[in-house]
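Asker: Below is one structure. I have some questions about it.
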Amino acid sequence: MTNLLSLNRRKFLSLTAAGAAATALPGFLPKTASAQTAITVGFIYVGPKDDYGYNQAHAEGAAVIKSPPGVTVVEEENVPETVDVQKTMESMINLDGATLVFPTSFGYFDPHMLAMAAKYPDIQFRHCGGLWQEGKNPPNTGSYFGYIFQGQYLNGVAAGHATKSKKIGFVAAKPIPQVLQNINAFLLGARSVDPTITCQVIFTGEWSLAVKEAEATNALIDQGADVVTCHVDSPKVIVETAAGRNAFVCGYHANQSPLAPEKYLTGAEWAWGNIYTDFVKKAQAGEKLGNFVRGGLKEGFVKMSPLGPGVPEAGRKAFEATHAEMLKGGFSVFKGPLKDNKGNEVVASGKSYAEQDIELESMSYLIEGVVGSTA
Amino acid sequence: MTVETHDREVTIAQSASPAFWPAVEWTARRAEPIAISLAAILAGLGLFSLFILLVGKSPAMLFQLMYTGGFGSWFSIQNSLSRSSPLLLTALCVALPARLGLVIIGGEGAVVLGGVAAAAIAMPLAGPAPVWITLILMAIAAMSAGGLWIGLAGFLRHYRGVNETISSLLLAYIAIALMNQLVEGPLRDPASLNKPSTTPLPAEYMLGKIPGMDVHWGLVVGIAACAVSWVLIDATRYGFAARIAGGNVRAAQIQGLPVGRLITGFTAIAGSFAGLAGMIEVTAVQGSANASLAAGYGYTGILVAFLARHNPLAIIPVAILLGGIDASGGLIQRRMGLPDATVLVLQGTLFIVILFCETFYGRFKIFNPDLWKRSQ
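Line by line, the protein sequences give chains A and B. Per our numbering, residue 1 is the first one in the first sequence, and the count goes up by one each step. Per our numbering, residue 376 is the first one in the second sequence, and the count goes up by one each step.
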């Protein structure tokens, strides 16, 4: 125990020293500092780091930047979207010497990250979600996000080939634009295989509510769905429940295939490691970090899990063809004519949206063929 | 609290130096809860050290970090105080009914509804109405909503025989669902696309920081509420009646005490404090009501109240202690690579040990002046 103690204490001292040095340095650093500049980067997660979902995706991204020399990563999990997250950011800045902070949960942005950014103008803050606005938000803040509905479209292609009942299911957290994009894209992907496929959606109302997610998955399968996907923080329960009921499942956020190797078709995953590497390299080189960074499959912000054994050969080919098309950029998931599930036209004939079109970000409808309601 | 019942014996025992002995006896009685609580906390920390050794980490480093992160610097102290301020109010939501013998665990619902009520009433007022009128009306709305919610659990308990622990917990779930419905529906700011919220309060309507500190005014409100509750419980006839009813409901009823009104009234006051915590979250931190209001303050408040043995004044140091543990939790994660659950294990260990140590009250002669005299 003595050895362990002294080792820890030594490590603690060196960490403290590094932290102190990093706090003292930024003000004196010339703009053209070398690429080896030591930097401490803070990551804050709203849930556990090993949730097989949203937070794990970010933690995997953070793990990527731990390897290059000169980068110290400090992480904190289960931080609620209250004054707690403000104090966590301050603590990382004051006690660990972090100069670049990634508060990764959507609700951390306003007012929490903005309050800290105003208080610490020399620290860089980058938030996951895409809320940053030029002129309105300070220059030491910014957003990054990915067009993950492309991944849900590809999930839909795989699901369309795997379904026998022509009914697929979606467990969703809340009827907000990001989630609605994913539901619609999932069905559009499936309908690119067979236009008679319908998708039942169940909203649980919360980002993380395991019991309801399991109930919703069971209810979807009871109603005939044989492929299920989701948009909740941690898809673990849904993947396991669906596989337990012998239904196929498409993943979301991170790779859940270890949970159900036989039943997992594919999954829409974040590839945050690329984005974090880029931010940290720029920060170390003293370059300006982007304020509004986004991309999809093409830019390497989003990736797909390897196809599972449940995808038939035809599906494999269609999946790879669409995937290759999307990698080129400009593939329109949403194109007219498109009606919502109440019969109103939402995208006119001849109109199509590329992934970066801003109109998609206020999506408020479920398309025809989705069984369910936003309110 | 038990001083009154022993008064006669105490006066008989006063013989030699009338001023000296009562003071010693008073000190001995007051020392009991402090000594037992401190011993319990030390025992809890000892058990927790064993746990940390089991996972192969150094308890010494952990406690060092807990001190650094919770109280080691002015920044850390302010960090702890910020985190403790909602706990002061949510702990009162448990402690006041507990004096009547009720176990209320649904404070979370009152926090959430208080926040929504405050944000809802502020929506038409912010702008045309002066700041202080708006804030007062927000506080009234929040306290009414919270008071109604927990008061309902008390009412059902007395008049319909519904277990208040279960009903308050279930009411909390209903409250959270109601908040989601309101915030995603009628009260939603159309500009809040991916995080449904009410319209944000203008900056001048926000409660600021205490001068010279990076802690919002909620801390002062919380401490004041604890002081008011202590006076209510320990120095008014309502508090006295409530304690009688808490000791023995039948006896209280036979004496003609209005037990039903006491229960409903005290639960409503308790709920109104939790509702006020929700209003402070909106006006001092969040700026609008949204799902972040359900941050678990109502549940941590249960822990605080039990650790403080439902004494409103003891809630203040206990809440600050838990705020400090919470504040240091981040540092423990970052420096030692331990999961967030470490802090929960510590809180759980302390909770169990302190409840266990409740059984030691009255067992030690040194704290019990009546026993000194018997042996003379």
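We put the CB at the ideal spot given by N, CA and C, even for glycine. All values derive from a computational prediction rather than experimental measurement.
How many angstroms separate the CA atom of L696 of chain B from the CA atom of K339 of chain A?
Answerer: Indexing the second sequence from 1 puts residue 696 of chain B at position 321. Indexing the first sequence from 1 puts residue 339 of chain A at position 339. Approximately 57 Å between the Cα atoms of the pair.
Asker: For V227 of chain A versus A243 of chain A, is the C-beta distance shorter than 9 Å?
Answerer: Locating residue 227 of chain A in the first sequence gives position 227, counting from the first residue. Locating residue 243 of chain A in the first sequence gives position 243, counting from the first residue. No, they are not a contact pair.
Asker: Are R474 of chain B and I644 of chain B close, meaning C-beta to C-beta below 9 Å?
Answerer: Looking up residue 474 of chain B in the second sequence gives position 99. Looking up residue 644 of chain B in the second sequence gives position 269. Going by C-beta atoms, R474 of chain B is not nearer than 9 Å to I644 of chain B.
Asker: In this structure, how does DSSP classify H533 of chain B when only helix, strand and coil are distinguished?
Answerer: The residue you call residue 533 of chain B lines up with position 158 of the second sequence. It is helical.
Asker: For W272 of chain A, count the other beta carbons within 10 Å of its own beta carbon; 16 or more makes it buried, fewer makes it exposed. Which is it?
Answerer: Walking along the first sequence from the start, residue 272 of chain A turns up at place 272. Buried, since its Cβ has 16 or more Cβ neighbours within 10 Å.
Asker: With a threshold of 16 other CB atoms inside 10 Å of the CB of K570 of chain B, please say whether the residue is buried or exposed.
Answerer: The residue you call residue 570 of chain B lines up with position 195 of the second sequence. It is buried - the Cβ of K570 of chain B has at least 16 other Cβ atoms within 10 Å.
Asker: Taking only runs of the alpha helix (DSSP H) that begin and end inside the region 213-248 of chain A, which ones reach a length of at least 4 residues, in chain order?
Answerer: Qualifying alpha helix (DSSP H) stretches, in chain order: 236-244.
Asker: If you measure between the beta carbons of A520 of chain B and L500 of chain B, is that distance less than 9 Å?
Answerer: Your numbering for residue 520 of chain B matches position 145 in the second sequence. Your numbering for residue 500 of chain B matches position 125 in the second sequence. Against a cut-off of 9 Å, the Cβ pair of L500 of chain B and A520 of chain B comes out as no contact.
Asker: Out of B:A410, B:R709 and B:A716, state which residue places its alpha-carbon closest to the alpha-carbon of T443 of chain B.
Answerer: Taking the first residue of the second sequence as position 1, residue 443 of chain B is located at position 68. Ranking B:A410, B:R709 and B:A716 by Cα distance to T443 of chain B puts B:R709 first.
Asker: Could you check whether the Cβ of S451 of chain B sits closer than 9 Å to any Cβ belonging to chain A?
Answerer: Taking the first residue of the second sequence as 1, we reach residue 451 of chain B at position 76. Yes, S451 of chain B lies at the interface with chain A (some Cβ there is under 9 Å from its Cβ).
Asker: Identify, in the order they occur along the chain, each residue of the same chain with its Cβ nearer than 7 Å to the Cβ of F292 of chain A, setting aside the five sequence neighbours on each side.
Answerer: If you number the first sequence from 1, residue 292 of chain A lands on position 292. Closer than 7 Å at the Cβ level, and outside the excluded window around F292 of chain A, lie W132, G142 and S143.
Asker: Is P309 of chain A buried or exposed, if buried means 16 or more other CB atoms sit within 10 Å of its CB?
Answerer: Here the question's residue 309 of chain A lines up with position 309 in the first sequence. Flag for P309 of chain A reads exposed.
Asker: Give the single residue among A:A214, A:F125, A:R316 and A:T88 whose Cα lies nearest to the Cα of I202 of chain A.
Answerer: As a first step, residue 202 of chain A must be located in the first sequence, where it is residue number 202. Closest by alpha carbon: A:A214.
Asker: Once the 5 residues before and after A57 of chain A are set aside, which same chain residues still bring their CB inside 8 Å of it?
Answerer: In the first sequence, residue 57 of chain A corresponds to position 57, counting from 1. Excluding sequence neighbours, A57 of chain A sits near H253, A254, E269, W270 and W272.
Asker: Pick out the complete alpha helix (DSSP H) segments inside the region 462-548 of chain B, 4 residues or longer, and give them in chain order.
Answerer: Here the runs fully enclosed are 482-500 and 506-535.
Asker: Do you know how far the Cα of V506 of chain B is from the Cα of E579 of chain B?
Answerer: As a first step, residue 579 of chain B is located in the second sequence; it is residue number 204 there, counting from the start. As a first step, residue 506 of chain B is located in the second sequence; it is residue number 131 there, counting from the start. Cα to Cα, E579 of chain B sits roughly 7 Å from V506 of chain B.
Asker: Where does the unbroken beta strand (DSSP E) through V74 of chain A begin, and where does it stop?
Answerer: Numbered from 1 along the first sequence, position 74 holds the residue referred to as residue 74 of chain A. That run of the beta strand (DSSP E) goes V71 to E76.
Asker: If you count every other CB in all the chains shown that lies within 10 Å of the CB of V420 of chain A, and 16 or more means buried, which is it?
Answerer: A query on residue 420 of chain A cannot be resolved here, the shown segment of chain A reaching from 1 to 375 and no further.
Asker: Hey, quick one: how far does the alpha helix (DSSP H) through P692 of chain B stretch, first residue to last?
Answerer: Your numbering for residue 692 of chain B matches position 317 in the second sequence. Note, P692 of chain B: alpha helix (DSSP H), P687 to M711.
Asker: Closer than 9 Å, CB to CB, is V79 of chain A near chain B or not?
Answerer: Your numbering for residue 79 of chain A matches position 79 in the first sequence. Closer than 9 Å: yes.
Asker: Using a cut-off of 8 Å between C-beta atoms, extract the partners of I176 of chain A located in chain C.
Answerer: You won't find chain C in this structure, because its protein chains are A and B.
Asker: Going by DSSP, what residue range makes up the alpha helix (DSSP H) through R404 of chain B?
Answerer: Sequence index remark: in the second sequence, residue 404 of chain B carries index 29 (1-based). Where R404 of chain B is concerned, the enclosing alpha helix (DSSP H) stretches over F395 to L429.
Asker: Just the chain B side, please: which residues come within less than 8 Å of G205 of chain A by C-beta, in chain order?
Answerer: Translated into the one-based positions of the first sequence, residue 205 of chain A becomes position 205. What G205 of chain A touches in chain B: A552 and N555.
Asker: Check whether the Cβ atoms of F102 of chain A and F279 of chain A lie closer than 9 Å to each other.
Answerer: In the first sequence, counting from the first residue as 1, residue 102 of chain A sits at position 102. In the first sequence, counting from the first residue as 1, residue 279 of chain A sits at position 279. Cβ distance < 9 Å, so F102 of chain A and F279 of chain A count as in contact.
Asker: Taking the alpha-carbon positions, what's the L360 of chain A to T241 of chain A distance?
Answerer: Numbered from 1 along the first sequence, position 360 holds the residue referred to as residue 360 of chain A. Numbered from 1 along the first sequence, position 241 holds the residue referred to as residue 241 of chain A. Roughly 32 Å separates the two Cα atoms.
Asker: Can you list, in chain order, the residues of the region 685-702 of chain B whose Cβ is nearer than 9 Å to any Cβ on chain A?
Answerer: Listed in sequence order: D701 and A702.
Asker: How would you list, in chain order, the residues of chain B whose beta-carbon sits under 8 Å from the beta-carbon of V171 of chain A?
Answerer: To locate residue 171 of chain A, count along the first sequence from 1; it is residue 171. The premise fails here: V171 of chain A is roughly 17 Å from chain B at the closest Cβ pair, so nothing lies under 8 Å.
Asker: Quick check: what's the CA-CA separation for T322 of chain A versus E355 of chain A?
Answerer: Counted from its first residue, the first sequence places residue 322 of chain A at position 322. Counted from its first residue, the first sequence places residue 355 of chain A at position 355. If I take the Cα positions, the gap works out to 14 Å.
Asker: Along chain B, in chain order, which residues have C-beta atoms closer than 8 Å to that of S373 of chain A?
Answerer: Here residue 373 of chain A refers to the residue found at position 373 of the first sequence. Near S373 of chain A there are no residues of chain B at all, since even the closest Cβ is about 13 Å away, more than 8 Å.
Asker: Between D222 of chain A and chain B, is the shortest Cβ-Cβ distance under 9 Å, so that the two count as touching?
Answerer: For the purposes of this step, residue 222 of chain A is identified with residue 222 of the first sequence, where counting begins at 1. So, not an interface residue.
Asker: By DSSP, does Y736 of chain B sit in helix, in strand, or in coil?
Answerer: Taking the second sequence and counting its residues from 1, the one referred to as residue 736 of chain B is at position 361. Reduced to three states, the DSSP call for Y736 of chain B is coil.
Asker: Going by alpha carbons, who is nearest to C468 of chain B out of B:L719, B:F681 and B:A670?
Answerer: To locate residue 468 of chain B, count along the second sequence from 1; it is residue 93. The shortest C-alpha separation from C468 of chain B is found at B:F681.
Asker: Taking 9 Å as the threshold (beta carbon to beta carbon), is F301 of chain A in contact with chain B?
Answerer: In the first sequence, counting from the first residue as 1, residue 301 of chain A sits at position 301. For F301 of chain A, the answer is no, since every Cβ of chain B falls outside 9 Å of its Cβ.
Asker: Taking Cβ-Cβ distances shorter than 9 Å, what residues in chain A pair up with G662 of chain B?
Answerer: As a position in the second sequence, residue 662 of chain B is number 287, starting the count at 1. The answer, in chain order, is D110 and P111.
Asker: Is the separation between the beta-carbon of L706 of chain B and that of I655 of chain B shorter than 9 Å?
Answerer: Locating residue 706 of chain B in the second sequence gives position 331, where the first residue counts as 1. Locating residue 655 of chain B in the second sequence gives position 280, where the first residue counts as 1. Result no, Cβ atoms of L706 of chain B and I655 of chain B do not sit closer than 9 Å.
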